[in-house]
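Asker:
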Amino acid sequence: MSKKKKERYQLEGKIISLFKSRPKAVLNYKQIAAALDIKDTKGRNNIIKVLNTLHSQDQLDALKPGQYQFNNSSVELVSTQLTIIPSGKGVVKVDGYDEELIVPKKFLNKGLHGDQIEISIHKKNKQVEAHVENILERSKREYVGVFERQKDFGFVLCRSGRMYTDLFIEREELKNYKDGEKVVAVLKDWQEKRESPSGRIIKSLGQPGEKETEIHAILHEYGLPYEFPKEIEEAAEKIKKDLDQKEIKKRRDFRDVLTFTIDPITAKDFDDALSFKTLSNGLFEVGIHIADVSYYVQPNTILDQEAYDRATSVYLVDRVVPMLPEVLSNGLCSLRPKEEKFTFSAVFILNIEGTVQEEWYGRTVINSDYRFSYEEVQDVLENQKAQVDSSVSLTGKTYILPDNVFKAINILDFQAKKLRSQRMKNGAISFDRVEVNFHLDDENNPESVYFKTSKDAHKLIEEFMLLANKKVAGFINKIQPLPPFVYRTHDDPDEQKLFNLKQTISPFGYSFNPNKKNVSSEINGLLLACNGKKEQNLIDTLTLRCMSKAEYSTDNIGHYGLAFSHYTHFTSPIRRYPDVMVHRLLQTYLDKKPYPSKQTIEEACQHSSQREQLATRAERDSIKYMQMVFMEDKVGQIFNGVISGVTDRGLYVELIDNKCEGMIRVMDIKGDFFHYDDRQHAFIGERTKKTYQLGDTIAIKVKKVNILRRFLDFVPA
């Protein structure tokens, strides 16, 4: 957009906003110029031109020559939530429209990302767009940015792509904050004539670029507290550490049954344990024992309110921000070996094929015999020996598993494979995505990158957790009349996105039919076909983007990705608040006691879904930050990558060795004039016909690493 057009565009937005703020006022160009502080002749002439345009578009009524009033006769206000996208525009979801409506920048009317707003809907040049009319509720008051201090005022320069304005800091708010610091500021207000909202700095995070500063900035950006208030820590410390003997007698006792946990090497919060017992007639009793958080965290307490507010633990690259204080998450509730623990259990009688013959749910007490890592169990399964090698042993020493443990692990693995096979037959989707992880040094700086993949040991635990979650939800659905419950739901994939996926992958030689009745089999076929190939991660990502987001809801629509008609989250109450709710509701229904209203539970579901999404974004940002730190000393080095995105600005390239993504700007592609072909997702040379296409491998040289903006610049090698 030319400078002249941009100025005209901005002026149009200001004039519309002025009329909307004074809906009954009759204004001429002089009054508008005074209100907008425009004093030059050129500016006044531009006002006249814009007024004529708005009148021709029926946005303004001309009561008499030169006198205008806002035409609000056909404006119907709709309440919704505003989302700001990286381009700076807004988007809103409105009932009755299949796609989100765009809110042009000039009609944001001081609306910020996440705000609850009222909009008006307008048809313009066959396009439908929305204008922000009123801000009902601000979603966020805290913002992170770099403080730019002047003599009598300052600005907090917000770097987030969703925050399109900086915060103005008035003289009385300057205090002792230093120029260049990364700070947390709160939005105070946004006055009508101000270009920027007023803010107040509440905390300095330190110097930009320093690791602690950047990690804390990520947490603040998403409103994720990383410290517990003193009163919360004190409340947790006061909880009785020894198990109550009267309570033990009320519970089913599994202390003498073989029980063990399987977790990551670094885990401290052990949510779940498995017990195993061989029965007669070829049957097996498998107990899925979950930390009984709901026993320690009672409703209507400050501990419960804190857990509700947080709703989830946050797993960053170099730390965990727990939902519960450590005395609970890593202590009282953690199912550590050789310690008696209260648990809430799902106990199944299974045949060798993994088919459930009987089920039981209730409160239990266990004493875990062993703490295994995934690596130890994987070693046993791969080598089919009871000997655990020192290279994977948690103790660093080779040891031999007792026969009953070796047998239990192998039978559970066999049953897990049967359960997984049945899920896949039923239409479950298999996303075996590669996860990026880092080897950190003593100061938590990244030394190297490695990829975490899901092996049989992981899938063993996964299948039994899925079984418990599925069966608990199914058990509740047998109760009549059906009571309210917390479901983990996953809607069908978006049809348009599936069609776009077909178009995108066609150049790679893959076939995909989005119209087929059993789309899940098509998706699995595609994921299997690209497995192990250079474009696997790209196609996995594109396919994942077609999927709906999984959410918590009281309305059970099933779980598409898992192919379950009923599903909940029962197995991780140390790190997920919905699981705490599920435990409470399940016990309430077992005891046939009064239960909360559906509306109360639904509000908690929506809150938990929102907090989960924020935590996921923070986790991704921490990975992106660590990738930047890892690449910082690699400027000038050459890597092989795969073109992961093509836009009119250039090529996004994901490096094969470490999954770091950067951009080759079109100006840096030399040797020809390259034009962008959006249909082929490619840049094509005018003279040479050389093509850079989505999915192509390419050698790049690292040109620049910008840690603060989390951005890598590449050039072709």
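Mapping of the sequence shown onto the working numbering: position 454 corresponds to residue 454, and the numbering continues sequentially without gaps. Glycine residues also receive a C-beta, built at the ideal position from the N, C-alpha and C atoms.
Can you name the start and end residues of the beta strand (DSSP E) that G525 belongs to?
Answerer: Stepping through the sequence shown from its first residue, residue 525 is reached at position 525. That residue, G525, is in no beta strand (DSSP E); its alpha helix (DSSP H) goes 519–529.
Asker: By DSSP, does E137 sit in helix, in strand, or in coil?
Answerer: Sequence index remark: in the sequence shown, residue 137 carries index 137 (1-based). Correct three-state label for E137: strand.
Asker: Measuring alpha carbon to alpha carbon, tell me which of L501, A550, D579, Y552 ends up nearest L527.
Answerer: Taking the sequence shown and counting its residues from 1, one reaches residue 527 at position 527. Ranking the options by Cα distance to L527, first place goes to L501.
Asker: Compute the distance between the beta-carbons of F270 and L335, then report whether it is under 9 Å.
Answerer: Locating residue 270 in the sequence shown gives position 270, counting from the first residue. Locating residue 335 in the sequence shown gives position 335, counting from the first residue. Contact: yes.
Asker: For my contact list, L466 and Q415 are in at a C-beta cut-off of 8 Å; report their separation, rounded to the angstrom.
Answerer: Taking the sequence shown and counting its residues from 1, one reaches residue 466 at position 466. Taking the sequence shown and counting its residues from 1, one reaches residue 415 at position 415. Between Q415 and L466 the Cβ distance is about 12 Å, and since that is not below 8 Å, they are no contact.
Asker: Just to confirm the assignment: which complete beta strand (DSSP E) runs, minimum length 3, are found wholly within the region 140–210?
Answerer: Fully enclosed beta strand (DSSP E) runs of 3 or longer: 142–149, 154–158, 167–169, 182–189, 198–206.
Asker: Does M663 come out as helix, strand or coil in the three-state DSSP assignment?
Answerer: Here residue 663 refers to the residue found at position 663 of the sequence shown. Strand, per DSSP.
Asker: Would you mind working out which of E214, G145, P225 sits nearest L187, comparing C-alpha positions?
Answerer: As a working mapping, residue 187 is identified with position 187 in the sequence shown. Closest by alpha carbon: G145.
Asker: Take every Cβ of the region 146–158, pair it with every Cβ of the region 193–201, and state whether three or more of those distances are shorter than 8 Å.
Answerer: The answer is yes - the region 193–201 touches the region 146–158, with three or more Cβ pairs under 8 Å.
Asker: Please check the pair T259 and S368, which I expect to be a contact at CB under 8 Å, by giving their CB distance rounded to whole angstroms.
Answerer: Residue 259 sits at position 259 when you count from the first residue of the sequence shown. Residue 368 sits at position 368 when you count from the first residue of the sequence shown. T259 to S368, Cβ: 5 Å. Contact.
Asker: Tell me whether L412 sits in a helix, a strand or coil according to DSSP, three-state version.
Answerer: Along the sequence shown, one-based indexing puts residue 412 at 412. Here L412 sits in helix by DSSP.
Asker: Any idea if P86 is buried or exposed, counting beta-carbon neighbours within 10 angstroms, 16 or more meaning buried?
Answerer: As a position in the sequence shown, residue 86 is number 86, starting the count at 1. Its Cβ having fewer than 16 others within 10 Å, P86 is exposed.
Asker: Check the DSSP bridge columns for P446 and list the partner residues they point to.
Answerer: Position 446 of the sequence shown, counted from the first residue, corresponds to residue 446. Looking at the DSSP assignment, P446 forms a beta bridge with L440.
Asker: Please classify G66: is it buried, with 16 or more other beta-carbons within 10 angstroms of its beta-carbon, or exposed?
Answerer: In the sequence shown, the residue the question calls residue 66 occupies position 66. Exposed is the call here.
Asker: For the region 240–303, list the alpha helix (DSSP H) runs that are entirely contained and at least 4 residues long, ordered along the chain.
Answerer: As far as the region 240–303 is concerned, its whole alpha helix (DSSP H) runs of at least 4 residues are 245–250, 293–296.
Asker: Ordered along the chain, which non-local residues of its own chain (more than five positions away) have a Cβ less than 8 Å from that of V128?
Answerer: On the sequence shown, residue 128 is found 128 positions in, with the first residue counted as 1. Taken in chain order, the residues that qualify are Y97, L101, I121, H122.
Asker: Grab the span of the alpha helix (DSSP H) containing Q637 for me, first residue to last.
Answerer: Numbered from 1 along the sequence shown, position 637 holds the residue referred to as residue 637. Here Q637 belongs to no alpha helix (DSSP H), and DSSP marks it neither H nor E.
Asker: Which runs of the beta strand (DSSP E), 3 residues or longer, sit entirely within the region 330–368?
Answerer: Counting whole runs of 3 or more residues, the region 330–368 contains the beta strand (DSSP E) stretches 340–350, 356–367.
Asker: Nearest to K241 by alpha carbon, out of N515, E339, L274, I218?
Answerer: By 1-based counting over the sequence shown, the position of residue 241 is 241. Here the closest residue by C-alpha is E339.
Asker: Determine the DSSP secondary structure at P576, reduced to helix, strand or coil.
Answerer: The residue you call residue 576 lines up with position 576 of the sequence shown. In the sequence under discussion, the amino acid at residue 576 is Arg, which differs from the Pro named in the question. Reduced to three states, the DSSP call for R576 is strand.
Asker: Under 8 Å, with one C-beta from each stretch per pair, do the region 392–402 and the region 422–430 reach the 3-pair mark?
Answerer: No: fewer than three Cβ pairs fall under 8 Å.
Asker: On the three-state DSSP scale, how would you describe I121?
Answerer: By 1-based counting over the sequence shown, the position of residue 121 is 121. The answer is strand: DSSP assigns I121 an E or B state.
Asker: Just list the alpha helix (DSSP H) runs in the region 458–538, keeping only unbroken ones of 4 residues or longer that don't cross its boundaries, in chain order.
Answerer: The region 458–538 contains these whole alpha helix (DSSP H) runs: 495–505, 519–529.
Asker: Please determine, among F564, E382, F485, the residue with the shortest C-alpha to C-alpha distance to Y552.
Answerer: One-based indexing of the sequence shown puts residue 552 at position 552. Among F564, E382, F485, the Cα nearest to that of Y552 belongs to F485.
Asker: Give the range of the alpha helix (DSSP H) segment to which K704 is assigned.
Answerer: For the purposes of this step, residue 704 is identified with residue 704 of the sequence shown, where counting begins at 1. Looking at the DSSP string, K704 is not in any alpha helix (DSSP H); the run it does join, the beta strand (DSSP E), is 697–706.
Asker: Does the region 226–245 touch the region 637–650, meaning 3 or more C-beta pairs lie closer than 8 Å?
Answerer: Cβ pair count under 8 Å is below three, so no.
Asker: So what's I684 in DSSP terms, helix, strand or just coil?
Answerer: As a working mapping, residue 684 is identified with position 684 in the sequence shown. Strand at I684.
Asker: Answer yes or no: do T504 and L694 have a C-beta to C-beta separation smaller than 9 Å?
Answerer: By 1-based counting over the sequence shown, the position of residue 504 is 504. By 1-based counting over the sequence shown, the position of residue 694 is 694. It is a contact, given that the beta carbons lie within the stated cut-off.
Asker: Does the pairing of the region 285–299 with the region 362–380 give three or more beta-carbon distances under 8 Å?
Answerer: At 8 Å Cβ cutoff, the stretches touch.
Asker: Taking 9 Å as the threshold (C-beta atoms), are D413 and L482 in contact?
Answerer: Within the sequence shown, residue 482 is the residue found at index 482, counting from 1. Within the sequence shown, residue 413 is the residue found at index 413, counting from 1. No.
Asker: Could you pull the start and end residues of the alpha helix (DSSP H) that E233 belongs to?
Answerer: The sequence position of residue 233 within the sequence shown is 233, counting from 1. It spans 230–237 - the alpha helix (DSSP H) in which E233 sits, taken as one unbroken run.
Asker: When you compare only the Cα positions, how much space is there between V377 and N383?
Answerer: Within the sequence shown, residue 377 is the residue found at index 377, counting from 1. Within the sequence shown, residue 383 is the residue found at index 383, counting from 1. The straight-line gap from Cα to Cα measures roughly 10 Å.
Asker: Applying the 10 Å Cβ sphere with the 16-neighbour rule, what's the burial state of Y450?
Answerer: For the purposes of this step, residue 450 is taken as residue 450 along the sequence shown, with counting starting at 1. Counting Cβ neighbours within 10 Å, Y450 comes out exposed, since fewer than 16 surround it.
Asker: Just checking: is the beta-carbon of L332 within a distance shorter than 9 Å of some beta-carbon in chain B?
Answerer: The question asks about chain B, but that chain is absent: this structure has only one protein chain.
Asker: Taking the alpha-carbon positions, what's the E133 to A25 distance?
Answerer: Here residue 133 refers to the residue found at position 133 of the sequence shown. Here residue 25 refers to the residue found at position 25 of the sequence shown. About 16 Å.
Asker: D379 bridges to which residues according to DSSP?
Answerer: Locating residue 379 in the sequence shown gives position 379, counting from the first residue. The partner list for D379 (beta bridge, DSSP) is empty, contrary to what the question assumes.
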